[in-house]
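Enquirer:
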Amino acid sequence: MKIQSVRGMNDVLPADSAAWQHVHAVAAQVFAAYGYGELRLPVVERTELFKRAVGEVTDVVEKEMYSFEDRGGEALSLRPELTAGVVRAGIEHGILFNQQQRVWCTGPVFRYERPQAGRYRQFHQLDVEAFGIATPDADVEVIAIAAQLWKRLGLSGFELQINTLGTPGCRAKHRAALIAYLEQHEAGLDEDAQRRLHSNPLRVLDSKVPATQAIVEGAPKLLDYLDEASIAHFDAVKAGLDALGIAFRVNPRLVRGLDYYTHTVFEWVTDQLGAQGTVCAGGRYDGLVEQLGGPKTTGVGFGLGIERLILLMGVQQVAVTSNAPQVYICRMGAAAEVQALQLAEALRDQFPTLRLVLNAGGGSLKSQLKRADQSGARYALVIGDDEAAAGSVQVKSLRGEGDAFPCPRSDVAAELGSRLAL
RNA sequence: GUGGGCGUAGCUCAGCUGGUUAGAGCUCUGGAUUGUGAUUCCAGAGGUCGUGGGUUCGAGUCCCAUCGUCCACCCCA
-4 MKIQSVRGMN
6 DVLPADSAAW
16 QHVHAVAAQV
26 FAAYGYGELR
36 LPVVERTELF
46 KRAVGEVTDV
56 VEKEMYSFED
66 RGGEALSLRP
76 ELTAGVVRAG
86 IEHGILFNQQ
96 QRVWCTGPVF
106 RYERPQAGRY
116 RQFHQLDVEA
126 FGIATPDADV
136 EVIAIAAQLW
146 KRLGLSGFEL
156 QINTLGTPGC
166 RAKHRAALIA
176 YLEQHEAGLD
186 EDAQRRLHSN
196 PLRVLDSKVP
206 ATQAIVEGAP
216 KLLDYLDEAS
226 IAHFDAVKAG
236 LDALGIAFRV
246 NPRLVRGLDY
256 YTHTVFEWVT
266 DQLGAQGTVC
276 AGGRYDGLVE
286 QLGGPKTTGV
296 GFGLGIERLI
306 LLMGVQQVAV
316 TSNAPQVYIC
326 RMGAAAEVQA
336 LQLAEALRDQ
346 FPTLRLVLNA
356 GGGSLKSQLK
366 RADQSGARYA
376 LVIGDDEAAA
386 GSVQVKSLRG
396 EGDAFPCPRS
406 DVAAELGSRL
416 AL
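Going by the numbering used here, the first sequence opens with residue -4, and the numbers climb by one from there.
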């Protein structure tokens, strides 16, 4: 029996890693452009952290966590999202006390679910968080970061959906009223809706079942429970997005699955990825830090699914910075092999960004050139007995830039430097 | 956890109502061209037909189980 990777946990092969490197490079650049600093965190945290942050009765905590006891009996979990760990670390190192803090984080997260298109058990997120800014300009900033990222990656076709959940107070009042209303009509609800009634009543509002929909029509609306400050906050977010020319749609049914959200919630959605169209999602979580034992401070941020982002880049065929070699050196004959070895190292010394492959493992010139071609290199350098004796190198274009020509060895660096703009 | 599709060469797949030795394309290796790739031609290598059981004179093909994978539901990035 061959040993395979764990279900839903995938390898990224060299042919695909260029896209990942591109995403990380562009993201790091964008986050820096907004003054966000990177946080690197452990993949494992105490299970208790996620129970308290994400919510005890959420699907993520109830049935999707990889939880285990370590040898010392500690209850630990592979992180199912990044925000909880970011907040934990922020509190632990005292960087959330009485100050603003802009941070980002990336890495693998884990959820035990059935894999499907755009959903995996180990997946990767980019996470952006702004702490200590209670005003709606932080909500706008965080959304703008995502928009900037799409712009720089060359992605389009998203719909930005936004909604407000108000304060925990109005949210709770609405929730109570909603549950009371739905309980009165429980018999008329479909099976799914009855199950969600207590676990996630806001989700019932989203039902597609006609009978349930009819009941939902008369249900208490969150909008009616929002206080003036919440409405003003939401209006300011919308105004900020308008000012930036970021199109959005208010979706009153937009509810996030994690308990900690307050006020603004948003999703960047695409219809190009099948059933899992949410690429980036987030919102404000003003109570979370305090709830985890930190100071009373606000937070707003988002999580972005890298796999979904990369799938979308494939669909939209966006250009990715190539990491294919630029030059491949073919060599045969004892003297030439040594000269080529020295030349390769000298070229790398002189041009730190040059991507150069030196043929290894021998082979006929024919087979070496075949490898050169398939490596994606633009030029092959050929050094055989003749060139070794003459102190020259043959420069050969593999991409239709004219015939091969001999070049004195001392001039090779200059020749490549100008041709490849090194 | 529920439902459906699919498991045949490294990859993408064909293989009829069960019937000799399981095929193609791509890739790879070698040759045509003593040292010139990508095009062309020739040759070669590469298979426990996912696994286990059953039916049958005979199973890649039918049945059962199991594992894997993909898609969808639930939920979510």
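Backbone N, C-alpha and C define an ideal beta-carbon position, used for all residues, glycine too.
Of the choices Arg251, Ser317, Val377 and Gly102, whose alpha-carbon is the least far from that of Tyr323?
Expert: Here residue 323 is taken as the residue at index 328 of the first sequence, counted from 1. For the residues Arg251, Ser317, Val377 and Gly102, the minimum Cα distance to Tyr323 belongs to Val377.
Enquirer: Entirely within the segment 41 to 87 and at least 3 residues each: give me those beta strand (DSSP E) ranges in chain order.
Expert: Here the runs fully enclosed are 62 to 64 and 70 to 73.
Enquirer: Per DSSP, what kind of secondary structure is Thr273 in: helix, strand or coil?
Expert: The residue given as residue 273 occupies position 278 in the first sequence. Looking at Thr273 - three-state DSSP - the assignment turns out to be strand.
Enquirer: Hey, which unbroken runs of the beta strand (DSSP E) at 3 residues or more fall wholly within the segment 212 to 268?
Expert: List check, beta strand (DSSP E) in window: 257 to 264.
Enquirer: Cβ of Arg366 within 9 Å of Cβ of Glu396?
Expert: Numbered from its first residue, the first sequence carries residue 366 at position 371. Numbered from its first residue, the first sequence carries residue 396 at position 401. No, these two residues do not count as a Cβ contact at 9 Å.
Enquirer: Ordered along the chain, which non-local residues of its own chain (more than five positions away) have a Cβ less than 8 Å from that of Leu360?
Expert: Position 365 of the first sequence, counting from 1, holds the residue named residue 360. The answer, listed in chain order, is Cys325, Met327, Val377 and Gly379.
Enquirer: First and last residue of the alpha helix (DSSP H) that includes Val137?
Expert: By 1-based counting over the first sequence, the position of residue 137 is 142. Residues Pro131 to Leu148.
Enquirer: Could you have a look at Val38 and say whether DSSP puts it in helix, strand or coil?
Expert: Within the first sequence, numbered from 1, the residue matching residue 38 stands at position 43. Here Val38 sits in coil by DSSP.
Enquirer: Grab me the residues of Pro265's own chain with a C-beta within less than 7 Å of its C-beta, minus the 5 sequence neighbours each way, in chain order.
Expert: Translated into the one-based positions of the first sequence, residue 265 becomes position 270. Looking at the sequence itself, residue 265 is Thr, so the reference to Pro does not match. Contacts found: Gly152, Phe153, Gly272, Val274 and Leu307.
Enquirer: Would you identify the three-state DSSP class for Gly32, choosing helix, strand or coil?
Expert: Numbered from 1 along the first sequence, position 37 holds the residue referred to as residue 32. Here Gly32 sits in strand by DSSP.
Enquirer: From Gln444 to Ala409, what distance separates their C-alpha atoms?
Expert: Limits of the chain in this structure are -4 at one end and 417 at the other, which puts residue 444 out of reach.
Enquirer: Just to confirm my understanding: we take Thr316, look at its own chain, exclude 5 residues before and 5 after, and list those with CB closer than 6 Å. What are they?
Expert: In the first sequence, counting from the first residue as 1, residue 316 sits at position 321. Excluding residues within five positions, the ones whose Cβ falls inside 6 Å are His17.
Enquirer: Over what stretch of residues does the alpha helix (DSSP H) that includes Tyr107 continue unbroken?
Expert: As a first step, residue 107 is located in the first sequence; it is residue number 112 there, counting from the start. It is not in any alpha helix (DSSP H) - Tyr107 carries neither H nor E in the DSSP assignment.
Enquirer: Three-state secondary structure (DSSP) at His180?
Expert: Residue 180 sits at position 185 when you count from the first residue of the first sequence. In this structure, His180 counts as coil in the three-state DSSP scheme.
Enquirer: DSSP puts Pro401 in a beta bridge; with which residues?
Expert: Start at 1 with the first residue of the first sequence, and residue 401 comes out as number 406. BP columns for Pro401 point to Gln389.
Enquirer: How many whole angstroms separate the CB atoms of Arg97 and Ala125, which I take to be in contact at a CB cut-off of 8 Å?
Expert: Numbered from its first residue, the first sequence carries residue 97 at position 102. Numbered from its first residue, the first sequence carries residue 125 at position 130. Contact flag correct, Cβ pair sits at about 5 Å.
Enquirer: When the Cα of Val56 is compared with those of Glu69, Tyr107 and Asp6, which residue comes out closest?
Expert: Here residue 56 refers to the residue found at position 61 of the first sequence. For Val56, the nearest C-alpha among the options comes from Tyr107.
Enquirer: Going by Cα to Cα distance, which pick from Ala375, Ala171, Leu148 and Val284 is closest to Leu304?
Expert: As a working note, residue 304 is residue 309 in the first sequence. Comparing Cα positions, the closest option is Leu148.
Enquirer: Assess contact between the segment 182 to 190 and the segment 245 to 265, defined as three or more Cβ pairs (one per stretch) separated by less than 8 Å. Is contact present?
Expert: No, the segment 182 to 190 is not in contact with the segment 245 to 265.
Enquirer: Take Trp263 as the anchor and find which of Thr207, Asp368, Leu351 and Ile140 has the nearest alpha-carbon.
Expert: Taking the first residue of the first sequence as 1, we reach residue 263 at position 268. Trp263 has its Cα closest to that of Ile140, out of Thr207, Asp368, Leu351 and Ile140.
Enquirer: Residue range of the beta strand (DSSP E) that Ala375 falls in?
Expert: Your numbering for residue 375 matches position 380 in the first sequence. Ala375 -> beta strand (DSSP E) spans Tyr374 to Ile378.
Enquirer: Tell me the DSSP secondary structure of Gly300 in three-state form.
Expert: In the first sequence, counting from the first residue as 1, residue 300 sits at position 305. Correct three-state label for Gly300: strand.
Enquirer: If contacts are defined as beta-carbon pairs under 8 Å, then Thr159 and Leu236 qualify, I think. What distance do you get, rounded to the angstrom?
Expert: Here the question's residue 159 lines up with position 164 in the first sequence. Here the question's residue 236 lines up with position 241 in the first sequence. That belief does not hold up - the Cβ atoms of Thr159 and Leu236 are roughly 13 Å apart, past 8 Å.
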